[in-house]
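Below is one structure; the comments refer to it alone.
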Amino acid sequence: MSESVDELEQQWKASGTDADEASYLRACVRAGRLPQVMLQLAAHLGHPAARMVFGGSAPPESADLGKWVAGFDRYGKEALVRAAIAAARYPLPLWELKRPNDRLPQSALDAAEGWVLNQDEAHVSAAEKAGESVANADRSGDGEADDAQQLAGQTFDADMGVHIAADMAAEAAHLAGDMGEAEDVAQAVQTAEVILGISRKGAAGELLKGTIRDAICSELVPWALGYGDPIRERQTS
2 MSESVDELEQ
12 QWKASGTDAD
22 EASYLRACVR
32 AGRLPQVMLQ
42 LAAHLGHPAA
52 RMVFGGSAPP
62 ESADLGKWVA
72 GFDRYGKEAL
82 VRAAIAAARY
92 PLPLWELKRP
102 NDRLPQSALD
112 AAEGWVLNQD
122 EAHVSAAEKA
132 GESVANADRS
142 GDGEADDAQQ
152 LAGQTFDADM
162 GVHIAADMAA
172 EAAHLAGDMG
182 EAEDVAQAVQ
192 TAEVILGISR
202 KGAAGELLKG
212 TIRDAICSEL
222 VPWALGYGDP
232 IRERQTS
């Protein structure tokens, strides 16, 4: 007799091994508890057990951050918006360092997360407006980022962090508001990673933990596999 899903879950939690988690995930798919596409998304995110399930047919790994982010589009709008939100949350500490009393990017992300949890026209409209608000405020501010290649050799300036935080929040809200494209988010993330790579080498580096890719994975893997939803936890806490 084959082991039940619950028994496989207990076995995985007891051992903590990728192999036991892969067995549990296979059983979840067979039992209809986990959609195949969500397991594929987890494999795209690089989750070891999910990739183990697919073996040689797992989604190709990509070291190119922009292409990797653009790849979320094949898993639907929600997956892409969630990735954009996670990426945008990463530089928020730099905004808060420079403008501690200004919640504009956070408001845009709240609107994007509101769409994720509701997915109705009212929240599409709210996200669109919030995205425009933060984008317009950023354009009128003093923090303008040039092309990533030009910035790569410069010393990090706090205004760069302000611009990146605002730009990323606007992209996430625009996407939720049906104003953005996967390619726009991918380019914004790619540019942000280059610029923020500079900040991680300086004094502001203490505020940035890991990388943008890490931030996206830590937010999307639990949701994809049904282990938890960081967005719902934030919005209902």
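Terminal number for the sequence shown in the numbering used here: 238, no gaps in between. Cβ atoms here follow ideal geometry from the backbone N, Cα and C, with glycine treated the same way.
Distance between residue j and residue i (C-alpha atoms, nearest Å)
i, j, result
"Ala167", "Gln12", "44 angstroms"
"Leu93", "Cys29", "36 angstroms"
"Arg71", "Leu118", "Checking the sequence, you will find Ala at residue 71 rather than Arg. If you take the alpha carbons of Ala71 and Leu118, they lie about 22 angstroms apart."
"Lys78", "Ala43", "16 angstroms"
"His45", "Asp74", "11 angstroms"
"Gln236", "Gln120", "14 angstroms"
"Asp65", "Arg83", "19 angstroms"
"Glu114", "Met39", "19 angstroms"
"Ala20", "Leu226", "16 angstroms"
"Ala133", "Tyr228", "Sequence check: residue 133 is Glu here, not Ala. Cα to Cα, Glu133 sits roughly 33 angstroms from Tyr228."
"Ser241", "Ser16", "The chain is shown only over 2 to 238; residue 241 falls outside these bounds and no answer can be derived."
"Cys218", "Glu194", "15 angstroms"
"Arg31", "Pro101", "49 angstroms"
"Pro231", "Ile86", "11 angstroms"
"Glu129", "Glu184", "18 angstroms"
Proximity below 8 angstroms, CB of residue i to CB of residue j
i, j, result
"Arg27", "Val54", "yes"
"Val190", "Ala80", "no"
"Ala170", "Val135", "yes"
"Tyr91", "Leu209", "yes"
Three-state secondary structure assigned by DSSP to residue i
i, result
"Asn137", "helix"
"Pro61", "coil"
"Lys14", "helix"
"Met53", "helix"
"Thr212", "coil"
Any chance the stretch 164-181 sits against the stretch 58-77, with 3 or more Cβ pairs inside 8 angstroms? no
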